[in-house]
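Numbering (our numbering), first residue to last: 132 to 663.
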């Protein structure tokens, strides 16, 4: 659950009243290098609409006049206008210009933190320069060194005031926090910050150099909160640590810390704020990467499902194609084969009468045509459904069947290395292996101009799954740089392998074509298929 940021009232008088109260409360903490009201003014002008700035600046002037009266200071219009009006007006003008150049009240990223801190430096420098000019006009300083020290004190106190107050205001008014993160921040405050303040108090009561060591040690929880809770934790830890150091000094009666101590505090606070913002950015990046990984994991699972569905559909199409081929082969064998046999029988019966009529050459021509038709039918039937695969089994069909006859007829040497038990494979895989070898051998005869063709087949088990590794190569001319359009030899082989969930690789070779094909069977290896 996310907690919503606080909402400012949409009323100038209410904003002015709240601002006046906060200004008076923070004025009680003012020290030479400690100007929290300045940070309140910067944050209020940065976070509120411009239309309310008159109310805020008016409330500040009222508070300043009341403080002057309470301390018995003379309140003259000329002195008041010279001492109190320029600084808020210069800050308002500077922030108005910076907001026109897209300055946002955000510490979401290191770039935004850097932009905001640079804006702080510009505004603090401008207000200090105006104060120096007015001081030079109104009175002549006793020494330039004193004037430089006063201006340095002002720059440091104003910068520290903004550094400690503005991040807290941005956190309360512009950012949303998870309830769990807020609870974790509170628990770490109890477990880390309270013991740290206790140690600070104990060490500060000792003689030097322990108090200085305590101030340096007090920055350790700031770094912890920066790593643990980002810029929010760093800003809260810096504010609490700084207030704790100031209260300890007041409680023990120590002299206020020198400029070097507060300069160290300003540098450490700037670094902690940058570190916290970078930590937040890194955490958000890690979360986005984790979300992307989850999304990509879901997408990959979906793609795997689609791939399985496509392979199942392709396997179904392949089975349907083989069934259709088998049916067509059976029809051709039964119908056309029997008709050719019947014609040959009738011709043989009519041979005596044709001989008597002196027409024996006609019977010879008819028998020649019928023999040619029978051979063509056998080739067609073998293409549709290799009968040798059903009669001899896979290994013998590859080693002794029509593929060897085809290669020997073309004058090519045929080498085979066959290992394993084909019964581990299902019928579709065995048929695919025969078709792949048949297609590769046909390509070698038609296009490769090769002198030899090598076949290596290994069948075995891998992690309980039957696999077949098929290696085919020839020593021909190889593939052209651009395959001709319409050629479906290699693409058909690749599609057949893909439909069975296998892998098809065309490996580089110095000569010829080299194919490596991995097929996985669907049979359980413990259940042997039909006999080879």
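We put the beta carbon where it would ideally sit given N, CA and C, even for glycine.
Residue of 239, 508, 445, 403 minimising C-alpha distance to residue 470: As a working note, residue 470 is residue 339 in the chain shown. Ranking the options by Cα distance to residue 470, first place goes to 508.
Residue 500, buried or exposed, once every other Cβ within 10 Å from all chains shown has been counted against 16: As a working note, residue 500 is residue 369 in the chain shown. Its Cβ having fewer than 16 others within 10 Å, residue 500 is exposed.
Going by DSSP, name the residue or residues bridged to residue 591. Counted from its first residue, the chain shown places residue 591 at position 460. DSSP, once it has assigned bridges, lists 598 as partnering residue 591.
Under the assumption that residue 299 contacts residue 396 (Cβ atoms under 8 Å), give the Cβ distance between them as a whole number of angstroms. Residue mapping note: residue 299 aligns to position 168 of the chain shown, counting from 1. Residue mapping note: residue 396 aligns to position 265 of the chain shown, counting from 1. That pair is no contact at about 16 Å.
Indicate whether residue 591 and residue 553 have their beta-carbon atoms separated by less than 9 Å. Stepping through the chain shown from its first residue, residue 591 is reached at position 460. Stepping through the chain shown from its first residue, residue 553 is reached at position 422. Contact flag unset, no.
Opposite residue 565 in the DSSP bridges: which residues? The residue given as residue 565 occupies position 434 in the chain shown. None, per the DSSP bridge assignment.
On the DSSP letters alone, give me the boundaries of the alpha helix (DSSP H) that residue 545 sits inside. In the chain shown, counting from the first residue as 1, residue 545 sits at position 414. First-last for residue 545: 544–550, but that is the beta strand (DSSP E), not the alpha helix (DSSP H).
Residue 417 classed as buried or exposed, judged by whether at least 16 other C-beta atoms fall within 10 angstroms: By one-based count along the chain shown, residue 417 stands at place 286. When all chains shown are included, residue 417 counts as exposed.
Option in 595, 494, 627 with minimal Cα separation from residue 568: Walking along the chain shown from the start, residue 568 turns up at place 437. Among 595, 494, 627, the Cα nearest to that of residue 568 is on 627.
Return the residue from the list 566, 557, 268, 305 that minimises the CA-CA distance to residue 532. Reading the chain shown from its first residue, position 401 is the one you call residue 532. Ranking 566, 557, 268, 305 by Cα distance to residue 532 puts 566 first.
Simplified DSSP assignment, three categories, for residue 618: Here the question's residue 618 lines up with position 487 in the chain shown. With a pLDDT of 46 at residue 618, under the threshold of 50, the predicted position of this residue should be treated as unreliable, though the coordinate-derived value follows. Three-state result, residue 618: coil.
Going by other Cβ atoms of all chains shown within 10 Å of its Cβ, with 16 needed for buried, is residue 137 buried or exposed? Position 6 of the chain shown, counting from 1, holds the residue named residue 137. Exposed: under 16 other Cβ atoms inside 10 Å.
For residue 395, which three-state DSSP category applies? Your numbering for residue 395 matches position 264 in the chain shown. Note: residue 395 maps to helix in three-state DSSP.
Local conformation of residue 605 per DSSP, three classes: For the purposes of this step, residue 605 is taken as the residue at position 474 of the chain shown. Residue 605: strand per DSSP, three-state reduction.
Could you tell me the distance, in whole angstroms, from the CA atom of residue 145 to the CA atom of residue 354? What you label residue 145 is simply residue 14 of the chain shown in a count that begins at 1. What you label residue 354 is simply residue 223 of the chain shown in a count that begins at 1. Looking at the two C-alpha atoms, the distance is approximately 37 Å.
Using CA atoms only, rank isn't needed, just tell me which of 187, 218, 375, 644 is closest to residue 258. Along the chain shown, one-based indexing puts residue 258 at 127. Measuring from the Cα of residue 258, the nearest candidate turns out to be 218.
Kindly list the residues whose CB is nearer than 7 Å to the CB of residue 528, restricted to its own chain and excluding five residues on each side of it in sequence; keep chain order. Here residue 528 corresponds to residue number 397 of the chain shown, with the count starting at 1. The residues are 517, 519, 520, 565.
Assuming residue 605 and residue 643 are in contact, meaning their beta carbons sit under 8 Å apart, how far apart are those beta carbons, in whole angstroms? Working through the chain shown from its first residue, we reach residue 605 at position 474. Working through the chain shown from its first residue, we reach residue 643 at position 512. Indeed, because the Cβ distance is near 4 Å, the residues count as touching under 8 Å.
Contacts around residue 236, its chain only, beta-carbon distance under 6 Å, and the 5 residues preceding and following it disregarded: Along the chain shown, one-based indexing puts residue 236 at 105. Contacts found: 177, 178, 301, 305.
According to DSSP, what are the bridge partners of residue 648? Position 517 of the chain shown, counting from 1, holds the residue named residue 648. BP columns for residue 648 point to 601, 635.
Closest by C-alpha distance to residue 551, when choosing among 303, 175, 593, 413: Numbered from its first residue, the chain shown carries residue 551 at position 420. Ranking 303, 175, 593, 413 by Cα distance to residue 551 puts 593 first.
Of the listed residues 452, 362, 371, 175, nearest to residue 630 (C-alpha basis): By one-based count along the chain shown, residue 630 stands at place 499. When each option's Cα is compared against that of residue 630, the closest is 452.
Is the stretch 581–590 close to the stretch 534–549, with three or more CB pairs under 8 Å? yes
As a quick exercise: from 595, 602, 650, pick the residue whose alpha carbon is nearest that of residue 442. Numbered from its first residue, the chain shown carries residue 442 at position 311. The option with the nearest alpha carbon to residue 442 is 650.
Quick check: the stretch 399–413 against the stretch 235–251, are at least 3 beta-carbon pairs closer than 8 Å? yes
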